[in-house]
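Residue numbers for the sequence shown, in the working numbering: 1 to 139.
We treat Cβ as the ideally placed atom computed from N, Cα and C, and that holds for glycine.
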Amino acid sequence: QWLLGARSPLLLIAIATGLLIVRWLIMAFDPGPAVLVPLQVLQGSGMGVIEGLMLLIAQRTPVHLVATAQGVNGVVAGVIMALATAASGYLWQVCGSLGYLLMALIAVVGLVLIGRGLFNSRPGDDRPAVGAASEATTG
């Protein structure tokens, strides 16, 4: 809470994703050890994405379902990471370090979607405006 204050966890996710994009773009050009070692520090920004997702789930899920939602998030993330790891070996064989460009592109798409959530939020509410019409008609 001290890091974000009243801001949405989407901001933390967006900042961390931006740092990962920078890392992957630089990694695509096979930097030497002098750049690679400090660049690896940015790998830790992936934890910002994970922490942001945990906060987002905690904020937007009914209290009695938070643990279930966190568990589902963990399983889905694990399956996606396993598939991505398997695919990355093939991608490395085909593209070499330029495969990092695909990772950066995927992250850019995610960042655009996060941006929609950040900039389409209603004042005083941390939820995106998506689905606002259905909430107005049901509740």
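In this structure residue 21 touches residue 108 by the C-beta definition: roughly 6 angstroms separates them, less than 8 angstroms. At least 8 angstroms separates the beta-carbon of residue 55 from that of residue 73.
Distances from the alpha-carbon of residue 9 to those of 79, 25, 37, 47 put 47 closest.
Secondary structure at residue 29: coil, using DSSP grouped into helix, strand and coil. Under the three-state reduction of DSSP output, residue 73 falls in the helix class. In the structure shown, the three-state DSSP call for residue 61 is coil. In summary, residue 100 is buried, with 16 or more beta-carbon neighbours lying within 10 Å of its beta-carbon over all protein chains present. Our two residues, residue 24 and residue 102, have alpha carbons roughly 9 angstroms apart in a direct line.
In the three-state scheme derived from DSSP, where H, G and I count as helix and E and B as strand, residue 23 is classed as helix.
In this structure, DSSP gives residue 8 a state outside helix and strand, which the three-state scheme calls coil. Take residue 39, set aside five residues on each side of it, and the residues of its chain with a beta-carbon closer than 8 angstroms to its own are 23, 26, 27, 31, in chain order. Under the DSSP assignment, residue 96 falls outside any alpha helix (DSSP H); it carries neither an H nor an E label.
The beta carbon of residue 110 sits closer than 8 angstroms to those of 17, all from its chain and outside the five residues before and after it, given in chain order.
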